[in-house]
Amino acid sequence: MKRAVFPGSFDPITLGHLDIIERSLPLFDEIIIAIGVNATKKYMFSLEERMQFIGDTFSSEKRIKIASYTGLTVQFCKEINARFILRGLRNTSDFNYEQPIAQTNYKMAGIESIFLIASPEVSNISSSIVRDVMRNNGDYGLLVPKTVKT
Ligand code: ADP
Numbered sequence: 005m006k007r008a009v010f011p012g013s014f015d016p017i018t019l020g021h022l023d024i025i026e027r028s029l030p031l032f033d034e035i036i037i038a039i040g041v042n043a044t045k046k047y048m049f050s051l052e053e054r055m056q057f058i059g060d061t062f063s064s065e066k067r068i069k070i071a072s073y074t075g076l077t078v079q080f081c082k083e084i085n086a087r088f089i090l091r092g093l094r095n096t097s098d099f100n101y102e103q104p105i106a107q108t109n110y111k112m113a114g115i116e117s118i119f120l121i122a123s124p125e126v127s128n129i130s131s132s133i134v135r136d137v138m139r140n141n142g143d144y145g146l147l148v149p150k151t152v153k154t
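Going by our numbering, the first residue of the sequence shown is number 5, and it counts up by one from there.
1) In chain order, what residues of the same chain have a beta carbon less than 6 angstroms from the beta carbon of Gln56, not counting five sequence neighbours either side?
2) Our contact map puts Ile25 next to Phe10 with C-beta atoms below 8 angstroms; I'd like the distance itself, whole angstroms only.
3) Measuring CB to CB, does Lys6 end up less than 8 angstroms from Asp23?
4) Which residue or residues does DSSP assign as beta-bridge partners of Val134?
5) If you count every other CB in all the chains shown that lies within 10 Å of the CB of Met112, and 16 or more means buried, which is it?
6) In chain order, what residues of the same chain have a beta carbon less than 8 angstroms from the beta carbon of Leu147, not counting five sequence neighbours either side?
7) Please classify Pro30: is it buried, with 16 or more other beta-carbons within 10 angstroms of its beta-carbon, or exposed?
8) With DSSP collapsed to three states, give me the class of Ile121.
9) When every heavy atom of the ligand ADP is checked, does at least one fall within less than 7 angstroms of the C-beta of Pro11?
10) In terms of alpha-carbon separation, which member of Asp98, Ser63, Ile115 lies closest to Leu76?
11) Looking at the unbroken alpha helix (DSSP H) that takes in Phe32, where does it start and where does it end?
12) Confirm, please, whether the CB-CB distance from Ser28 to Leu120 is below 8 angstroms.
13) Tell me whether Asp33 counts as near the ligand ADP, meaning its Cβ is closer than 7 angstroms to at least one heavy atom of that ligand.
14) Let me confirm a value: Tyr144 is counted as buried when at least 16 other C-beta atoms fall within 10 Å, else exposed. Which label applies?
15) Going by C-alpha to C-alpha distance, which of Val41, Asn42, Arg54, Thr44 sits closest to Lys153?
16) Check the DSSP bridge columns for Ser72 and list the partner residues they point to.
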């Protein structure tokens, strides 16, 4: 069973996340969208809301599961028997951030990170921009799945 964990904050899920998830479905048997819970971080949406948005987005896809976890992503991967971490790359900043993490995760736990390059039509999207648009009553419809509501 090829099981991949797609970890993130998903505050909220965006069309950029959706792009990575849909394009990775042919590569894996199962994808666990896993919300990492960081007690010191402030979120716009509660964990329950973020899980609900994701659940509603993928309600018809049985191979996509949703979870939350605390602690190291590789520890969570071990617990659920996942050998792959899925991440999206928008630009060189993402690459520079991800490179040492992926190298460390492989060294620590033998977990392979798989990277997909963002599709050009969504590579401008980030959850932080979405939150900014939402806070300022902008039209966020072009940035998130229809299931995401303020
Ligand atoms: P994190 O705080 O772990 O970066 P995010 O929810 O912001 O959590 O992102 C989760 C993953 O989705 C990361 O790999 C991130 O690079 C990727 N991602 C976010 N937005 C996009 C996008 N527009 N296109 C492709 N990948 C994206």
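Backbone N, C-alpha and C fix where the C-beta goes; we use that ideal spot for every residue, glycine too.
Because the structure is a prediction, the values reported are computed rather than measured.
Reading it off the structure:
1) If you ignore the 5 residues before and after Gln56, its C-beta comes within less than 6 angstroms of no other C-beta in its own chain.
2) Indeed they touch by this definition, with Cβ atoms about 6 angstroms apart.
3) For Lys6 and Asp23, no; Cβs fall outside 8 angstroms.
4) When DSSP reads this structure, Val134 sits in no beta bridge, so it has no partner.
5) It is exposed - the Cβ of Met112 has fewer than 16 other Cβ atoms within 10 Å.
6) Correct list, in chain order: Thr18, Leu19, Ile129, Ile133, Val134, Val137.
7) The residue in question, Pro30, is exposed, as its Cβ has fewer than 16 Cβ neighbours within 10 Å.
8) Three-state DSSP puts Ile121 in a strand.
9) Yes, the ligand ADP has a heavy atom inside 7 angstroms of this Cβ.
10) Closest by C-alpha distance to Leu76, out of Asp98, Ser63, Ile115, is Ile115.
11) From DSSP, Phe32 is part of no alpha helix (DSSP H); its letter is neither H nor E.
12) Result yes, Cβ atoms of Leu120 and Ser28 sit closer than 8 angstroms.
13) Not under cutoff, so the answer is no.
14) Tyr144 comes out buried.
15) Closest option to Lys153, Cα to Cα, is Arg54.
16) Ile39, per the DSSP bridge assignment.
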